[in-house]
Amino acid sequence: MLEVIALDATDAEAAQAGGAHRLELTVDMAADGLTPPVTVLRDVLSATDLPVRVMLRDAPGFVPGDLDRLRRDAAALREAGASEFVLGFLDADGRVDEAACAALVAELDGCAWTFHRALDNSADPEAAWEVVGGLGCDTVLAAGSARGVTDGFDVLGRLAARQGAVRLLVGGGLKAEHVAPLKALGATGFHVGSAVRPGGWDAPVSAAAVRSWANLV
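Right under this line is the structure:
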């Protein structure tokens, strides 16, 4: 499964044309991805029939800026057609903030969701895996290390071996040469952003680059 980061409808169209299987919709990559406006979501849903996982994050880092606002955002996005989400929070000690996550998940009313790379920044990513699985996510986006896939390879191998109802989605400094060895470890989900934007984050997704990754996966 190949998931591509989309920032707008143009990205969504290119990702679908290239053979992506799912989108992660977010905005403001200078802050590593924040909640998109409802208007952007509507444009993207009109441009593609791919599954779209919508980011719920209102501040850089892994602590919610305003949890009540995030809950309102989630409700508004659901009303606008969102049915899948991405979220994840840590407390001051680097543990999964179960209360904050649960409060936001309560607004999703059974929607599928991904726990994002907060896991890589936790005090113990492998212990965090068990915690987030109990929160009800079906996917964990991880690189195995806050520094990226190259540094996190050993952890990713152990996480892949623990997959069950919760699936591993590998992303964060993912390179083409990582795919085959990760597949050999049991990883089946791959997540790319800058890798399918030859012109950088200020340029749109390249359908040809997505096709190359889709063929790899």
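Sequential numbering from 1 applies to the sequence shown in the working numbering. Backbone N, C-alpha and C fix where the C-beta goes; we use that ideal spot for every residue, glycine too. Predicted model only: the values in this text are computed from it and were never measured.
Can you tell me whether DSSP reads residue i as helix, strand or coil?
{"i": "Glu-98", "result": "helix"}
{"i": "Trp-201", "result": "coil"}
{"i": "Leu-50", "result": "coil"}
{"i": "Leu-135", "result": "helix"}
{"i": "Leu-56", "result": "coil"}
{"i": "Ala-112", "result": "strand"}
{"i": "Leu-87", "result": "strand"}
{"i": "Ala-142", "result": "strand"}
{"i": "Lys-183", "result": "helix"}
{"i": "Ala-74", "result": "helix"}
{"i": "Gln-16", "result": "helix"}
{"i": "Val-40", "result": "helix"}
{"i": "Ser-122", "result": "coil"}
Using C-beta distances below 7 Å, list every residue in its chain close to residue i, excluding the 5 sequence neighbours before and after it, in chain order.
{"i": "Ser-122", "result": "Leu-90, Gly-94, Arg-95, Val-96, Ala-128"}
{"i": "Leu-56", "result": "Thr-35, Leu-70, Asp-73, Ala-74, Phe-85, Val-86, Leu-87, Leu-104"}
{"i": "Ser-83", "result": "Cys-111"}
{"i": "Pro-64", "result": "Asp-58, Leu-70, Phe-89, Ala-100"}
{"i": "Leu-148", "result": "At residue 148 the sequence reads Gly, which differs from the Leu that was named. The residues are Gly-172, Gly-173."}
{"i": "Arg-162", "result": "Trp-129"}
{"i": "Val-38", "result": "Ala-76, Leu-77, Ala-80"}
To which residues of the same chain is residue i closer than 6 Å at the C-beta, ignoring the five residues directly before and after it?
{"i": "Val-179", "result": "Leu-216"}
{"i": "Ala-31", "result": "Pro-60"}
{"i": "Ala-291", "result": "The chain is shown only over 1 to 217; residue 291 falls outside these bounds and no answer can be derived."}
{"i": "Asp-43", "result": "Ala-9"}
{"i": "Phe-190", "result": "Leu-2, Val-170, Val-217"}
{"i": "Leu-45", "result": "Gly-81"}
{"i": "Ala-118", "result": "Phe-62, Gly-88, Leu-90"}
{"i": "Ala-146", "result": "Asp-120, Asn-121"}
{"i": "Met-29", "result": "Trp-201"}
Give the DSSP bridge partners of residue i, in chain order.
{"i": "Arg-22", "result": "Glu-3"}
{"i": "His-191", "result": "Glu-3"}
{"i": "Leu-34", "result": "Val-27"}
{"i": "Leu-168", "result": "Val-140"}
Closer than 8 Å by C-beta to residue i: which residues in its own chain qualify, once you throw out the five before and the five after it? Chain order, please.
{"i": "Ala-209", "result": "Gly-18, Ala-195, Val-196, Arg-197, Pro-198"}
{"i": "Leu-67", "result": "Ala-100, Ala-103, Leu-104"}
{"i": "Arg-78", "result": "Glu-107, Leu-108, Asp-109, Cys-111"}
{"i": "Leu-50", "result": "Ala-12, Ala-15, Gln-16, Ala-20, His-21, Arg-22, Leu-23"}
{"i": "Val-166", "result": "Trp-129, Val-132, Gly-133, Cys-137, Asp-138, Thr-139, Val-140"}
Is residue i near the ligand ZN - that is, is its Cβ less than 7 Å away from at least one heavy atom of it?
{"i": "Thr-10", "result": "For the structure depicted, the ligand ZN is absent and the ligand set is empty, with no information on it obtainable."}
Within the 8 Å Cβ cut-off, does residue i reach chain D?
{"i": "Pro-51", "result": "Note that chain D does not occur in the displayed structure, where there is just one protein chain."}
Do the region 192-211 and the region 166-182 make contact, defined as three or more Cβ pairs closer than 8 Å?
-> yes
At least 3 beta-carbon pairs within less than 8 Å: the region 133-146 vs the region 154-171 | Cβ pair count under 8 Å is three or more, so yes.
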